[in-house]
Amino acid sequence: MSGSKKRIFIKTFGCQMNVYDSEQMANLLRPMGYDEVDEAAAADLVVLNTCHIREKAAEKVYSDLGRLRQLKETRAEKGETMQIAVAGCVAQAEGAEIRRRAPVVDFVVGPQSYQRLPQMLKGEAGPLATDFAVDEKFERLAKKRAANSPTAFVTVQEGCDKFCAFCVVPYTRGAEHSRPADEIINEVRALVRHGVREVTLLGQNVNAWGANSEDGWGLGALIRHLAQIDDLSRIRYTTSHPRDMDEDLINAHGEIEALMPYLHLPVQSGSDTVLKAMNRGHSMAMYQKLIDKVRAKRPDIAISGDFIVGFPGETDADFEATLQAVRDIGYASAYSFKYSRRPGTPGAGREDQVPETVKSERLQVLQALLNAQQLEFNNSQIGNTVPVLFDKKGRHDGQICGRSPYLQSVYVQGPASLIGKIASVNISGAGRNALNGVLDQEAFVTA
Ligand code: 5AD
Ligand code: SF4
196 MSGSKKRIFI
206 KTFGCQMNVY
216 DSEQMANLLR
226 PMGYDEVDEA
236 AAADLVVLNT
246 CHIREKAAEK
256 VYSDLGRLRQ
266 LKETRAEKGE
276 TMQIAVAGCV
286 AQAEGAEIRR
296 RAPVVDFVVG
306 PQSYQRLPQM
316 LKGEAGPLAT
326 DFAVDEKFER
336 LAKKRAANSP
346 TAFVTVQEGC
356 DKFCAFCVVP
366 YTRGAEHSRP
376 ADEIINEVRA
386 LVRHGVREVT
396 LLGQNVNAWG
406 ANSEDGWGLG
416 ALIRHLAQID
426 DLSRIRYTTS
436 HPRDMDEDLI
446 NAHGEIEALM
456 PYLHLPVQSG
466 SDTVLKAMNR
476 GHSMAMYQKL
486 IDKVRAKRPD
496 IAISGDFIVG
506 FPGETDADFE
516 ATLQAVRDIG
526 YASAYSFKYS
536 RRPGTPGAGR
546 EDQVPETVKS
556 ERLQVLQALL
566 NAQQLEFNNS
576 QIGNTVPVLF
586 DKKGRHDGQI
596 CGRSPYLQSV
606 YVQGPASLIG
616 KIASVNISGA
626 GRNALNGVLD
636 QEAFVTA
């Protein structure tokens, strides 16, 4: 098989960890002759990299598989083969059941075992890999990552031991695991050699990174080391848990120039009763204190969060506490969701489920407040000059797009040659989702 050209199409659902995993799957299969294409119809291998966190994720996968079955049959009529793999958290949760329900599927690989795909494709391994082989996974990942963008994700931590009562992640991604520091530093160095200027360190609980390491390094120490890499201009990390936000990481926000002033710190609810029922392990006062500390070190930091409305037992008063928390903190951006019952989690078994209509109403009210705060934050940038890392073309000819330090999308008229570079932009307009600006001709920050 190796040597002959093949086409792979990967559809990614869900989180940034999946985006990283999809990229790694493409890297793993490239030496076998697979090139990525952007539609399933012509592909020799289709991978659905699935997410199980909310809604009827598994059902969406089965309906995609129905469509793929037709494609596969059409290809077979022409004497061509199309193989189908289901990866990600639905693969982990459903396992062999997927191939029983959808025989069109050739391979099922969980998020900690997709490194086996090459052997599976060569017929050297069975069709199912769903064990938690996380060490093996990172050892086998292609060390030299091809970079086609000035920004890159790097998974540094996997899994979760927190067992929030609503969440499937501890079951689908397994226990907390940190990659060794030298492996991460080498991966980032290789990316920077390929032109990457910004890395986002990824993990389900990224700030728990290093928790069990012998050298006592935490995420703050890792960031301090990465910040010494020449030509690495920006470092970000996501997603953090309030319980793992230690002093060193908080201090890093005040001390490390490359660490961008943006913190995604999910709170989920503003009610202590609900936080307790969710098994979050923190109160609202603890969360507020963390935010105060981070703001004391980095006053301009943009705070982002995740919220769930309608966790079982949530009352009107609990929901009001969430609205009050949002007013008190002031979010630059946020993600908010209706509680979704996940089989096997403690929340799913509770009898005091909140009716769908109540969840929808609460979500609407919360999102209106969060959207207003996001617009207000973006408006506050008008008139400022901010460094923007340009990473792609814009929506119109002659337009380019990049990110501010606060992770806002910024559009300007400018030459494509600026893509991959950081330049100063005078912010002239703002909407909820993006800023507009004018290149500051006098002050190009870096070449
Ligand atoms: N229902 C709704 N939202 C959920 N999340 C996780 N599990 C659920 C669920 N069962 C949200 C949380 C988490 C984000 C990644 O997804 O807010 O922080
Ligand atoms: Fe899920 Fe909670 Fe772990 Fe986040 S911390 S992955 S919400 S169990």
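Just so you know, we're using our numbering here: the sequence shown kicks off at 196 and counts up by one. From the three backbone atoms N, C-alpha and C, an ideal C-beta is built for every residue, glycine too.
Beta-carbon contacts of residue i that lie in its chain and below 8 Å, excluding the five residues immediately before and after
i    : result
H555 : Sequence inspection shows Ser at residue 555; the His mentioned does not correspond to that position. Cβ within range, chain order: K533.
P605 : In the sequence as displayed, the identity of residue 605 is Val instead of Pro. The residues are V581, V583, C596, G597, R598, S599, V620, I622, A629, L630, N631, G632.
Buried versus exposed call for residue i [16 or more other C-beta atoms within 10 Å across all chains shown]
i    : result
H591 : exposed
P582 : buried
N402 : buried
A271 : exposed
F204 : buried
P345 : buried
Q519 : exposed
Q287 : buried
A453 : buried
M196 : Low local confidence applies: a pLDDT of 44 at M196 is under 50, so the model's placement there is unreliable, with the coordinate-based value given in what follows. M196 should be labelled exposed.
S199 : exposed
E289 : buried
D216 : buried
T207 : buried
E218 : buried
T552 : exposed
N381 : exposed
S258 : exposed
N407 : exposed
D439 : buried
L634 : buried
Residues near residue i by beta carbon distance below 6 Å, same chain, minus five either side
i    : result
G626 : none
H459 : T433, T434, S499
V351 : R374, I379, L396, G398, W404
A642 : Because A642 carries a pLDDT of 44, less than 50, the predicted location of this residue cannot be relied on, and no value is offered for it.
E509 : V469, V549
H372 : V329, E353, G354
A370 : G354, D356
Proximity below 9 Å, CB of residue i to CB of residue j
i    : j    : result
P456 : P600 : yes
N213 : P306 : yes
I430 : V394 : yes
T434 : S466 : no
S535 : I248 : yes
D252 : V304 : For clarity, residue 252 is Ala in the given sequence; the question names Asp instead. Not a contact, by the Cβ cut-off of 9 Å.
F348 : Q568 : no
A376 : L417 : yes
G281 : L260 : Position check: residue 281 holds Val in this sequence, whereas Gly was assumed. Taking 9 Å as the Cβ cut-off, V281 and L260 qualify as a contacting pair.
M220 : V241 : no
Q576 : Q603 : yes
S531 : L565 : yes
L558 : V521 : no
Heavy atom of ligand 1 within 8 Å of residue i beta-carbon
i    : result
R537 : yes
Q562 : no
I293 : no
I524 : no
T552 : no
I498 : no
K533 : yes
T540 : yes
R545 : no
R368 : no
Heavy atom of ligand 2 within 8 Å of residue i beta-carbon
i    : result
R475 : yes
P306 : no
V364 : yes
F361 : yes
P461 : yes
K471 : no
Q211 : no
C596 : no
Strand pairing of residue i, partner residues [DSSP]
i    : result
K206 : L243
N579 : Answer is none; N579 lacks a bridge partner.
K588 : I595
R429 : E393
D230 : R202
D356 : DSSP output for D356 lists no bridge partner at all.
V303 : V281, L323
G624 : N631
H420 : For H420, which the question treats as bridged, DSSP gives no partner whatsoever.
Sequence-distant residues of its chain with Cβ nearer than 7 Å to residue i (five each side left out)
i    : result
F506 : F361, S464, V469, A472, M473, Y534, G542
G449 : K492, R493
R311 : V304, A320, A324
R490 : I496
Y309 : D216, M220, A282
D443 : G413, G415, A416
Minimum Cβ-Cβ distance from residue i to chain C less than 9 Å
i    : result
A288 : Given the protein chain composition of this structure (a single chain), no chain C is represented.
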